[in-house]
Amino acid sequence: MSLEKEAYEQNYQQFRSLNQIMWQIPVLAMTLTGGLWFGVSKIEGNPFLASILLCTAVVGNLAFSAVLYRFRFVMRCYLDELKRAYPVGFVDASSPNDGMGRIASFFAGEQRVRQTFSILLYWAAGASFVLLSVELYQWKSESTKMNRDAGIEFYDSHAAALADGYEAISFEEAYPFLVTTLSDASLSILDIGSGTGRDASWLVRHGHKVVAAEPSASMRRIAEAIHPDDAIEWIDARLPELENTRLKPNSFDIILASAVWMHIPPEQRKASLLRIGELLSDGGRAFVSLRIGPQDEDRGMYEVNASEFEHTAEQAGFELFSHGDFDDLLGRDQISWKMYELSIQQ
1 MSLEKEAYEQ NYQQFRSLNQ IMWQIPVLAM TLTGGLWFGV SKIEGNPFLA SILLCTAVVG
61 NLAFSAVLYR FRFVMRCYLD ELKRAYPVGF VDASSPNDGM GRIASFFAGE QRVRQTFSIL
121 LYWAAGASFV LLSVELYQWK SESTKMNRDA GIEFYDSHAA ALADGYEAIS FEEAYPFLVT
181 TLSDASLSIL DIGSGTGRDA SWLVRHGHKV VAAEPSASMR RIAEAIHPDD AIEWIDARLP
241 ELENTRLKPN SFDIILASAV WMHIPPEQRK ASLLRIGELL SDGGRAFVSL RIGPQDEDRG
301 MYEVNASEFE HTAEQAGFEL FSHGDFDDLL GRDQISWKMY ELSIQQ
């Protein structure tokens, strides 16, 4: 056998081997994707593992697509060499026959197989990416919910111990700037995060109508026991939703949100302010305190930044007035407070 013929035969066998492998790539890709998707469907309570599997599906299909492209390139090189070496016996299927219809010609195109396989791989990668995005979103939402629930669980578990400290501080000590403001005509007031009801009790004693929103059942029970006043309407509600039939738009002259803001996840803070703005009556005002200090994850707290709050409040359509900085009345050295007064921009 001549050297040229031997080279031709070797190239021909290499081409056949590559062609056989190429046809297995989509099968391998779909097997990988199907197996990973099935694994994700069986995983419960482990979003990290589910995310890893879906990420593997995305990367795997993109890698298979790159390998397929390389295979087709190498095979094209072999075909060109086979055609050059033996043009008489070479079967050229690079273009459709003249007698083919339009649809048949489309599917018989030279790159159609590679394009079809590539589309299949890109689709699998894209679908896996969508599933990964959904999984990560649900994971984040669940983490946020767990953190918020952790805060409520903390207050439910420690309500009695916390109540003594809260009740030891008078309304006048906590909000000296509000005493004069709230000593005029009777106002409709929403107390968000009402805790033990200390503030709500002071407000109704001074002639105001108060709705006290507190998501901790233990805190509400203690509040109703300490301050058994029928003028206080106790409800279970929390920001950002504040869902309750009692909470109607434009129905409150004053909204008080004291020691609440640090419990609201950063991504829900604008929605919380928009909800507060929705509940305020014309000319109404909201008073929001910010806890400046280290986070307490056991109590479901997030970092609070005054600049971030001011920016978010302005985005939500509020004008702000700062009532200044205050030391922590419970004597915690690392914690201080800022109080803001918010009114709807005119």
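Per UniProt numbering, the very first residue in the sequence shown carries number 1; after that it's consecutive. The beta carbon of each residue, even a glycine, is placed where N, CA and C say it ideally should be.
The Cβ-Cβ distance between A29 and L121 falls below 7 Å. Unbroken alpha helix (DSSP H) runs of no fewer than 4 residues, entirely contained in the UniProt domain "Methyltransferase type 11" (190-287), are found at 198-205, 217-226 and 269-279, following chain order. Relative to E267, the option among I235, I255, Y302 and G283 whose CA is nearest is Y302. Beta-bridge partners of L342 (DSSP): A286 and L320. Cβ atoms of F321 and L290 stay farther apart than 8 Å, at about 14 Å. The secondary-structure analysis by DSSP pairs I292 across a beta bridge with S336. Boundaries of the alpha helix (DSSP H) harbouring L49: P47 to A85, taken from the DSSP string.
In the three-state scheme derived from DSSP, where H, G and I count as helix and E and B as strand, D328 is classed as coil. In terms of Cβ geometry, V288 and Y340 form a close pair [threshold 7 Å]. Excluding sequence positions up to five before and after N11, its CB lies within less than 7 Å of the CB of Y78, E81 and L82, all in the same chain and listed in chain order. Taken through DSSP and simplified to helix, strand or coil, S188 comes out as strand. The residue among I169, H263, S216 and A163 with its C-alpha nearest the C-alpha of I226 is A163.
Here the alpha carbons of Q334 and A50 stand approximately 40 Å from one another. Per DSSP, the unbroken alpha helix (DSSP H) holding E314 starts and ends at A306 to Q315.
Going by DSSP, E173 is part of the alpha helix (DSSP H) stretching over F171 to A174. G60 and Q14 have their C-alpha atoms some 25 Å from each other. Note that the C-beta distance between I255 and A286 is below 7 Å. Residue burial is scored here from C-beta neighbours: D253 has at least 16 other C-beta atoms within 10 angstroms and is therefore classed as buried.
Here DSSP, grouped into helix, strand and coil, assigns Y302 to coil. The Cβ atoms of I222 and L239 do not sit closer than 7 Å to each other. Contact annotation, S128 with V58: C-beta distance approximately 5 Å; criterion of less than 8 Å satisfied.
Under the three-state reduction of DSSP output, A168 falls in the coil class, being neither helix nor strand. Using a Cβ distance threshold of 7 Å, I25 and F64 count as a contacting pair.
DSSP, read as helix, strand or coil, puts S17 in helix. In this structure the segment 175-189 does not touch the segment 153-161; the number of beta carbon pairs closer than 8 Å is below three. Cα atoms of Y166 and R198: separation of roughly 8 Å, rounded to the nearest angstrom. Here E135 has P47, A50, S51 and L54 as same chain residues with Cβ atoms under 7 Å from its own Cβ, once five neighbours each way along the sequence are excluded. Between the alpha carbons of V27 and N19 lies a distance of about 14 Å. The Cβ atoms of M219 and G193 lie no closer than 7 Å to each other. Taking a C-beta distance under 7 Å as the contact criterion, V211 and L190 qualify as a contact pair. Closest option to Y69, judged by alpha-carbon separation, among L36, G35 and Q115: Q115. In its chain, beyond the 5 residues on either side, H263, R299 and G300 have a beta carbon closer than 6 Å to the beta carbon of G151. Between the C-alpha atoms of D230 and K209 there is a straight-line separation of about 10 Å. With contacts defined by Cβ atoms closer than 7 Å, A306 and K338 form a contacting pair.
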